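Enquirer: Okay, here's the structure, questions in a sec.
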């Protein structure tokens with residue numbers, strides 16, 4: 003279970019990288035599309051069906067699915083696994099990570115819902131998620147490599 007805990011934590015950290023990459027890809031495509039004469043207005047944003055205005059728009063779709071479905075699911079699974087993994091403070095770290103993930107989803111929704119400043123906090127919180135996920139993975143890894151004390155260590159020789 004310790005390995006599952008470590009792998010899940012690394013996958014969550016990797017997903018944060020995917021999130022950043024997906025947004026960077028989308029924004030670079032948006033910039034090129036606008037330079038080529040594309041117009042981003044309310045009508046474009048509300049348009050449904052038909053081809054995408056630019057192919058890199060898939061990046062925001064990936065960002066949304068990963069951020070609202072996949073990463074929260076991984077966070078819940080990590081918390082469940084943490085109860086069996088015997089990682090020191092593993093449950094606390096996994097619960098903290100899940101709390102940061104829930105906050106991230108809320109910040110993303112409030113940014114779209116008319117509070118754009120929450121996007122700044124959303125970006126900073128992503129770095130916290132990345133750091134805590136790496137901390138969780140490292141905790142599981144370092145504990146697994148430490149030697150266990152032998153029974154003779156308790157005997158005063």
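Residue numbers (the working numbering): 3 to 159. Glycine included, every Cβ here is placed at the ideal spot set by N, Cα and C. Here the structure is a predicted model, which means the values were calculated and not measured.
1) Let's see if you can read the secondary structure: which residues bound the alpha helix (DSSP H) around residue 73?
2) Look at the alpha carbon of residue 139 and the alpha carbon of residue 36, and state the distance between them as a whole number of angstroms.
3) Tell me whether the beta-carbon of residue 15 lies closer than 8 Å to the beta-carbon of residue 136.
4) So, does the stretch 45-60 touch the stretch 87-101, judging by three or more C-beta pairs under 8 Å?
5) Please say whether residue 12 and residue 80 have beta carbons closer to each other than 8 Å?
6) Would you call the stretch 22-32 and the stretch 107-119 in contact, with 3 or more CB pairs under 8 Å?
7) Over what stretch of residues does the alpha helix (DSSP H) that includes residue 91 continue unbroken?
8) DSSP on residue 53, reduced to helix/strand/coil?
9) Does DSSP put residue 47 in a helix, in a strand, or in coil?
10) Got a sec? Which residues, its chain only, sit under 8 Å from residue 65 by beta carbon, not counting five neighbours each side?
Expert: Result, derived from the coordinates:
1) Translated into the one-based positions of the chain shown, residue 73 becomes position 71. Start and end: 73-87.
2) By one-based count along the chain shown, residue 139 stands at place 137. By one-based count along the chain shown, residue 36 stands at place 34. Distance between the alpha carbons of residue 139 and residue 36: 41 Å.
3) In the chain shown, the residue the question calls residue 15 occupies position 13. In the chain shown, the residue the question calls residue 136 occupies position 134. In contact: residue 15 and residue 136 (Cβ atoms closer than 8 Å).
4) no
5) Translated into positions along the chain shown, residue 80 becomes position 78. Translated into positions along the chain shown, residue 12 becomes position 10. Not closer than 8 Å, so no.
6) no
7) Translated into positions along the chain shown, residue 91 becomes position 89. Where residue 91 is concerned, there is no enclosing alpha helix (DSSP H), given that its DSSP letter is neither H nor E.
8) Sequence index remark: in the chain shown, residue 53 carries index 51 (1-based). Note: residue 53 maps to coil in three-state DSSP.
9) Here the question's residue 47 lines up with position 45 in the chain shown. Residue state, collapsed to three classes: helix.
10) Position 63 of the chain shown, counting from 1, holds the residue named residue 65. Closer than 8 Å at the Cβ level, and outside the excluded window around residue 65, lie 21, 24, 25, 28.
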